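Novice:
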RNA sequence: GGCGACGUGGCGGAGUGGCUACGCAGCGGCCUGCAAAGCCGUCUACACCGGUUCGAUUCCGGUCGUCGCCUCCA
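Numbering (this note's numbering), first residue to last: 383 to 850.
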C-alpha cells in the first residue's frame, strides 16, 4: 500500500490520504444536472474519480464512490418549459441518457448514484437542523443560509467575505437578511411543476411557518446526499474547478454549521476541458457531446485522451487530440501482439510498472504514469524475446483500458474471406517476384476491404486499417 | 477590480537547481522486394527582464500574455 498524496484545494497543497477507518476511502464527486446530454467536459470528473477509485482499490483500499445526479433545479424547469413537457420527465430521460453515455466509457458505475429528488427527507432534515442551530432562517417561503454565521466561510475558495456576492440573480434578494446569504430552499413559483412540502418530512412544531412548499437549493442537496452515503468527514470530495465557488464553499459551510465538523478531508478539483482557448460549457455553446465523441473515437481513445493530461490542468480538446490518443492506443495494442498473455513480466522491467503506480500515488499524475507505461512498452518491443503481459495489464486496468486487445482479428481468414484470398494471391505473386502485381493486389485489398496486408516471418497478416 | 492557476520543442503534455519525460507528427537510418509494425537517431524547448547561486527552464522580484472563478456551469 503506497503512501498517497492528493492536492487539497482547502489547504492549497498536497495532503496525505489518511482514512477515518483503516483501508476504507469514501469519495463523493458532484455529478451533472440532468437537463441536457452530458459533454466531454462533464465526463472528466466521472473518469478522474472512477479511475482514482480504481487506483485506490489497486493499492488495497476499499473505495466507495458516490456520484450524485441533480434532478431538481432551475435549469431543468427552464429546459422542460421550453420543450413543453414535465420537468420530472425531462430529468428522468436525461438521467437515463447520462447513465448510458457514461456506461459507454466502459468504467462501470459508481457505487452509489443518488438523486436529489429521492433525498428530500435528508435535505429537509438538514435544513431544519441549520435553522435550529441558528445558521438559517425562513423568509417569505424561502430558507436562507446565514453566511456570516460561519467564521470559516471562504476557507475553501480563499476569498474574503467582503469580496463576494451570492447570486441566483437578484431574485430573492429582498427576502435575504444579507446579500451574501444563499438559498437552502426555494418556495414554489408559478410555472414550476414539482414541489415538496417540508411538513411531510418534519414534525409540525419544528417547521417554521414561513417555510413553504417548494424545492431545495443546489448546495444543500450535495451536503445531504454526501453525508448520508459517506458520513461526515469523509476522505475525498471532488468535482470540477468551476464548482469551488460557490457550490463547494457552500457545501462545506453548511456542514460546518450543522455538524460542527468538516464535510470532507480533501477537496479535489479537476481542470476544465477547453475548446479553442475557452472553457467548454453548455452556456458557451461550444460543446462536444460525450456520446458523439465516444461514437467517433471509441472509449479507449477517449480514456487515453483524458488521462493524457494531469487532472488539475486544463486540457485542450480537438479532433487532432483524439487522433493522437487513438494512435497511442494503437501503439499499445500493437505491442500486445507479441506479448505472452497471462504470463508474468520480467523482474527487470518492474521499475517501469512501479514508477507508473508511484506517479499515481503522487497527486494522481496520469501523464507521468503514462510515460512509464510507454517506457515499459518500448522495452518490451526492444527485447528479442516476447515477454509476459502481466505488468502492462496491471497498468491498463487502472486506466480503464483493461479491455484492450492486440491489433488484428482473431479469425481474419473467415471474417475477411475475399481479402484473404487476394492476399494469398499476392503471396504467390511475391514468390514469383512479380512485385508490380503484388503491390497492385495490396492496394486493391486496402481499397476494397479496408484491410492492410502485413508481411511477417512466414506469411502475412491482415490488419484492419482502423486498428493501425 | 478581487481571488486562483498557467505560459515548456510543429502539436499535446509531464518534470527537475547541474543528467533522455512521454506520446503524436516530420525528417534520417536499420529491417523489408517495396511497405506496414518495430528499433535507433534527429528536430539547437522551457514568454521577457532583473536577482539569488559555482550553475536556473526549475528559487525570488518585476513585465507582458493566457485561462478559470467571482452569475447557472464538470
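Backbone N, C-alpha and C define an ideal beta-carbon position, used for all residues, glycine too.
Keep in mind the model is a prediction, meaning the values are calculated, not measured.
Using the rule of at least 16 other Cβ atoms within 10 Å of the residue's Cβ for burial, across every protein chain shown, is residue 469 buried or exposed?
Specialist: If you number the first chain from 1, residue 469 lands on position 87. Buried, by the Cβ-count rule.
Novice: Extract the residue ranges of the alpha helix (DSSP H) inside the segment 502–552, only unbroken runs of 4 or more that lie entirely within it.
Specialist: You should have 502–514.
Novice: Looking at the secondary structure, which residues open and close the beta strand (DSSP E) in which residue 650 lies?
Specialist: Position 268 of the first chain, counting from 1, holds the residue named residue 650. Start and end: 646–652.
Novice: Among the residues of its own chain, which have a CB less than 6 Å from the CB of residue 455, if the five just before and after it don't count?
Specialist: Within the first chain, numbered from 1, the residue matching residue 455 stands at position 73. Taken in chain order, the residues that qualify are 415.
Novice: Which term fits residue 847, buried or exposed, when burial requires 16 or more other beta carbons within 10 angstroms of its beta carbon?
Specialist: As a working mapping, residue 847 is identified with position 465 in the first chain. Exposed, because fewer than 16 other Cβ atoms sit within 10 Å of the Cβ of residue 847.
Novice: Quick check: the segment 685–693 against the segment 418–434, are at least 3 beta-carbon pairs closer than 8 Å?
Specialist: Counting Cβ pairs under 8 Å, three or more are found: they touch.
Novice: Straight-line CA distance for residue 551 to residue 567?
Specialist: Within the first chain, the letter at position 169 stands for residue 551. Within the first chain, the letter at position 185 stands for residue 567. Because residue 551 carries a pLDDT of 47, less than 50, the predicted location of this residue cannot be relied on, and the following value inherits that uncertainty. One C-alpha to the other measures close to 15 Å.
Novice: Mind pulling the alpha helix (DSSP H) runs of 4 or more residues that sit fully within the segment 624–689?
Specialist: 631–641, 672–679, 681–689, all fully within the segment 624–689.
Novice: Would residue 474 and residue 458 be called neighbours here (beta carbons separated by less than 8 Å)?
Specialist: Within the first chain, numbered from 1, the residue matching residue 474 stands at position 92. Within the first chain, numbered from 1, the residue matching residue 458 stands at position 76. Contact: no.
Novice: What's the call for residue 476, buried or exposed, on a 16-neighbour Cβ count within 10 Å?
Specialist: The residue you call residue 476 lines up with position 94 of the first chain. Classification of residue 476: buried, given that the 10 Å Cβ count is 16 or more.
Novice: Just the C-alpha distance for residue 601 and residue 717, rounded to the nearest angstrom, thanks.
Specialist: Translated into positions along the first chain, residue 601 becomes position 219. Translated into positions along the first chain, residue 717 becomes position 335. Whole-angstrom Cα-Cα distance: 47 Å.
Novice: With 16 as the cutoff for other CB atoms within 10 Å, does residue 386 come out buried or exposed?
Specialist: The residue you call residue 386 lines up with position 4 of the first chain. When all chains shown are included, residue 386 counts as buried.
Novice: Give, in chain order, every unbroken run of the alpha helix (DSSP H) that is at least 4 residues long and sits entirely within the segment 799–824.
Specialist: Entirely contained in the segment 799–824, the alpha helix (DSSP H) runs reaching 4 residues are, in chain order, 799–813.
Novice: If you draw a straight line from the C-alpha of residue 801 to the C-alpha of residue 754, how long is it?
Specialist: Counted from its first residue, the first chain places residue 801 at position 419. Counted from its first residue, the first chain places residue 754 at position 372. Taking the straight line from one Cα to the other gives about 38 Å.
Novice: Taking all protein chains shown into account, do 16 or more other C-beta atoms lie within 10 angstroms of the C-beta of residue 509, making it buried, or fewer, making it exposed?
Specialist: To locate residue 509, count along the first chain from 1; it is residue 127. Residue 509 is buried by the Cβ-count criterion.
Novice: Whole angstroms is fine: what's the gap from residue 705's alpha carbon to residue 679's?
Specialist: The residue given as residue 705 occupies position 323 in the first chain. The residue given as residue 679 occupies position 297 in the first chain. For residue 705 and residue 679, the distance between alpha carbons rounds to 8 Å.
Novice: Helix, strand or coil: how does DSSP classify residue 406 here?
Specialist: Indexing the first chain from 1 puts residue 406 at position 24. Note: residue 406 maps to strand in three-state DSSP.
Novice: Taking 8 Å as the cut-off, decide whether the C-beta atoms of residue 768 and residue 722 are in contact.
Specialist: One-based indexing of the first chain puts residue 768 at position 386. One-based indexing of the first chain puts residue 722 at position 340. The answer is yes: Cβ separation under 8 Å.
Novice: Give the DSSP-derived three-state secondary structure of residue 756 in the structure shown.
Specialist: If you number the first chain from 1, residue 756 lands on position 374. It is helical.
Novice: Could you tell me the distance, in whole angstroms, from the CA atom of residue 448 to the CA atom of residue 412?
Specialist: Within the first chain, the letter at position 66 stands for residue 448. Within the first chain, the letter at position 30 stands for residue 412. About 8 Å.
Novice: How many angstroms separate the CA atom of residue 673 from the CA atom of residue 421?
Specialist: Your numbering for residue 673 matches position 291 in the first chain. Your numbering for residue 421 matches position 39 in the first chain. Taking the straight line joining both Cα atoms gives about 8 Å.
Novice: Can you tell me whether residue 787 is helix, strand or coil according to DSSP?
Specialist: Residue 787 sits at position 405 when you count from the first residue of the first chain. Coil, per DSSP.
Novice: Taking residue 531 as the reference, give the member of 819, 489, 632 with the closest Cα.
Specialist: Residue numbering aside, residue 531 sits at position 149 when the first chain is read from its first letter. Ranking the options by Cα distance to residue 531, first place goes to 632.
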